[in-house]
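Heads up, the sequence shown is in full-length UniProt numbering, so the first residue is 1 and it goes up one at a time. Scroll down for the structure; my scribbles are underneath it.
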Amino acid sequence: MNLKQLQHFVTLAESGNVHKASARLNISQPALSKSIRTLEEDLDVVLFERLSRGVRLTPVGQWLLSRSSSLLSDVQQLHTEIDLIKRQANGSVRIAAGTVLCSSLIPIALARLREVAANVQIAVESGYWDQQKHMLLNGEIDFFVADSRELEDIIEFELVQLPAEPICVYVRSGHALLKKKKPALSDLQRYPFTGLTKIPKELERVLAMYPELPAGMLSASAVASNDFGLLRASAALTDVLFFSPPSAVQDQIRRRELVRLNLPLPPQLQTHFAIVWLKSRQLSTSAELMKRTIMECALQHFQTGTSLPASV
């Protein structure tokens with residue numbers, strides 16, 4: 001079985017007719033029929049029922065179609081990305097990203113891009129989504145990556161969501177809360193916490209629904225900053241509580257600087273990151289390559305992050 005046979009199979013399955021499929025593939029009908037027979041012989045299954053007017057998938061054929069379509073799509077994307085790598089030359093990209101992402105996903109994506117496109121120049125601005133939306137509208141950046149909860153209704157924007165992660169509570173190794181076998185949400189009220197100087201209104205509403213959680217994420221913070229890396233470092237050195245997605249603290253967990261509390265946090269407490277660009281402006285080759293690299297790294301990096309166990 002090879003990719004050409006799969007392409008022939010998918011085209012015939014979609015058209016249901018050898019004549020139409022061969023025309024789409026620009027090959028003769030006998031050549032298409034031979035390709036399908038060879039595929040069936042290789043797999044030792046019957047993929048199509050031969051009817052008087054066309055063909056119909058068997059149950060095995062339906063299963064193979066569901067797998068083949070995604071596989072061929074992945075192959076097409078690989079071709080597209082290789083073409084982007086070849087064509088990027090000496091391009092430049094201007095992006096912006098949320099402070100959490102600038103301390104986690106973005107450095108990984110930059111390193112990945114450098115491996116395949118070392119000549120691309122990247123400028124990254126760190127900040128909040130409300131500032132970055134104006135930067136995009138004013139043409140100051142190619143795209144940005146940030147919390148999208150307050151951006152989805154802006155008609156000028158195109159968004160692609162990144163995988164969501166739970167927001168968990170972390171404390172330094174040796175913290176008193178780690179001695180509790182089953183810490184409760186009410187235990188959090190006894191300790192100060194770190195917090196970003198700005199969070200989405202929707203997230204504020206979620207926190208307000210749970211009185212056990214620290215109220216007023218901003219006003220009650222012992223340490224408030226727009227620098228996520230600073231907050232993370234402070235949490236590793238003091239008794240403050242630190243709210244973070246798992247992917248943003250992987251290194252600290254490996255070094256045992258931070259430990260996740262096993263708490264029954266509300267499921268709505270999760271990330272909502274997206275890549276955002278203008279519908280009216282086509283991304284440059286280099287910007288498209290950067291965007292795809294961030295998406296791929298998010299799929300890998302966020303899955304790794306969410307698999308990390310609690311340590312209490």
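Note that beta-carbon positions come from the ideal geometry of N, C-alpha and C, so glycine has one too.
For residue i and residue j, I'd like the C-alpha separation in whole angstroms.
{"i": "L47", "j": "R67", "result": "13 Å"}
{"i": "T285", "j": "L51", "result": "47 Å"}
{"i": "R281", "j": "I108", "result": "26 Å"}
{"i": "F9", "j": "I36", "result": "6 Å"}
{"i": "M217", "j": "A224", "result": "No answer about M217 holds up, because its pLDDT of 48 lies below 50 and its placement is not dependable."}
{"i": "V120", "j": "L113", "result": "8 Å"}
{"i": "L258", "j": "C102", "result": "19 Å"}
{"i": "V55", "j": "L289", "result": "40 Å"}
{"i": "R254", "j": "A235", "result": "15 Å"}
{"i": "R42", "j": "N2", "result": "As written in the sequence, residue 42 is Asp, which differs from the Arg given in the question. So the two alpha carbons sit approximately 10 Å from each other."}
{"i": "I294", "j": "L188", "result": "34 Å"}
{"i": "T197", "j": "N226", "result": "5 Å"}
{"i": "L207", "j": "R94", "result": "34 Å"}
Tell me whether residue i counts as near the ligand ZN, meaning its Cβ is closer than 7 Å to at least one heavy atom of that ligand.
{"i": "V160", "result": "This structure simply doesn't include the ligand ZN, nor any ligand for that matter."}
Within the same chain, show all residues whose beta-carbon is closer than 8 Å to that of residue i, passing over the 5 residues directly before and after it, in chain order.
{"i": "S33", "result": "V18"}
{"i": "E165", "result": "P245, P246, S247, Q270, T271, F302, G305, T306"}
{"i": "E156", "result": "L137, L278, K279, S280"}
{"i": "P211", "result": "none"}
Check the Cβ-Cβ distances between residue i and every residue of chain D, and say whether any is below 8 Å.
{"i": "V18", "result": "Included in the structure is just one protein chain, with no chain D present."}
With residue i as the anchor, note down where its beta strand (DSSP E) starts and where it stops.
{"i": "S280", "result": "Note, S280: premise wrong, no beta strand (DSSP E); not H, not E."}
{"i": "Q121", "result": "121-127"}
{"i": "V93", "result": "92-98"}
{"i": "V223", "result": "223-225"}
{"i": "residue 385", "result": "Given that the chain is displayed from residue 1 to residue 312, the structure contains no residue 385 and the question cannot be resolved."}
{"i": "L159", "result": "157-161"}
Can you name the start and end residues of the alpha helix (DSSP H) that residue i belongs to?
{"i": "residue 314", "result": "Residue 314 falls outside the range modelled here, since the chain spans only 1 to 312, and no answer is possible."}
{"i": "V18", "result": "18-25"}
{"i": "I167", "result": "Unbroken run through I167: none, as it is neither H nor E."}
{"i": "V116", "result": "105-116"}
Once you ignore the five residues that flank residue i on each side, which residues in its own chain have a CB closer than 7 Å to its CB?
{"i": "S126", "result": "A97, T99, C102"}
{"i": "S28", "result": "S22"}
On the DSSP bridge list, what partners appear for residue i?
{"i": "R190", "result": "Answer by DSSP bridge pairing: none, since R190 is not bridged."}
{"i": "G139", "result": "G139 is not bridged to any residue."}
{"i": "G174", "result": "G174 is not bridged to any residue."}
{"i": "L3", "result": "Paired residue(s): none; L3 is not in a bridge."}
{"i": "F273", "result": "D147"}
Taking 6 Å as the limit between beta carbons, can you name the residues of its chain near residue i, skipping five residues before and five after?
{"i": "A13", "result": "L57, L65"}
Every unbroken beta strand (DSSP E) within the stretch 242-269, with a cutoff of 3 residues, ordered by chain: 242-244, 258-260
In chain order, each beta strand (DSSP E) run of at least 3 residues that lies wholly inside the stretch 30-94: 48-51, 54-57
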